[in-house]
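Going by my numbering, the sequence shown opens with residue 519, and the numbers climb by one from there. Remarks on the structure that follows.
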Amino acid sequence: MATTNATDIIIMATVNAHLDQHQAELMRCLVQSDRRVIGLAVRNPYDLLAFPQLRTYLVTYEYTQPALATAVRVLFGELQPHGHLPVSLPGIYPLHNSY
Numbered sequence: 519m520a521t522t523n524a525t526d527i528i529i530m531a532t533v534n535a536h537l538d539q540h541q542a543e544l545m546r547c548l549v550q551s552d553r554r555v556i557g558l559a560v561r562n563p564y565d566l567l568a569f570p571q572l573r574t575y576l577v578t579y580e581y582t583q584p585a586l587a588t589a590v591r592v593l594f595g596e597l598q599p600h601g602h603l604p605v606s607l608p609g610i611y612p613l614h615n616s617y
């Protein structure tokens, strides 16, 4: 974690972190740091179940170049995200939650 000392914001992309304890543990460590952490789930929204304390979270549902380029535009404020979760995240968001 010493390598994060020079940063204010950390963006971590995850793929099925809810099934991978190493990804989930790294994200939890980052969230506990004094840096702002943004989670970018590039597969599905279930990763948030592994680290529900994360405050900023974006889901692309795929890791293609267009999806990642769009995510960057959202993160830099060039696009406004919109949509509905097609699934529920128990204890966090109900089915069809708007964002």
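Note that CB positions come from ideal geometry on N, CA and C, so glycine has one too.
Buried versus exposed, by CB contacts within 10 Å (16 or more), residue i
i      : result
HIS614 : exposed
ALA535 : buried
GLN541 : buried
LEU548 : buried
Distance, residue j Cα to residue i Cα
i      : j      : result
ALA568 : PRO584 : 26 Å
SER616 : SER606 : 11 Å
PRO604 : ALA587 : 22 Å
VAL560 : SER551 : 23 Å
GLY601 : THR578 : 11 Å
THR525 : ARG553 : 7 Å
For residue i, the first and last residue of its enclosing beta strand (DSSP E)
i      : result
ARG554 : 554–559
VAL605 : Where VAL605 is concerned, there is no enclosing beta strand (DSSP E), given that its DSSP letter is neither H nor E.
THR574 : 574–577
Closer than 9 Å to chain C by CB, residue i
i      : result
ARG561 : Structure shown: chain C not included; a single protein chain is present.
Boundaries of the alpha helix (DSSP H) in which residue i is found, first to last residue
i      : result
THR588 : 583–593
LEU537 : Note, LEU537: premise wrong, no alpha helix (DSSP H); not H, not E.
Where residue i falls: helix, strand or coil (DSSP)
i      : result
TYR611 : strand
Own chain partners of residue i with C-beta closer than 7 Å, once the 5 adjacent residues on each side are dropped
i      : result
ILE531 : Before going on, a small fix: residue 531 reads as Ala here, not Ile. For ALA531, where only same-chain residues beyond five positions count, the Cβ hits under 7 Å are LEU558 and VAL560.
Residues of its chain near residue i, where Cβ-Cβ distance is below 6 Å and the 5 sequence neighbours each way are ignored
i      : result
ILE556 : ILE529 and THR574
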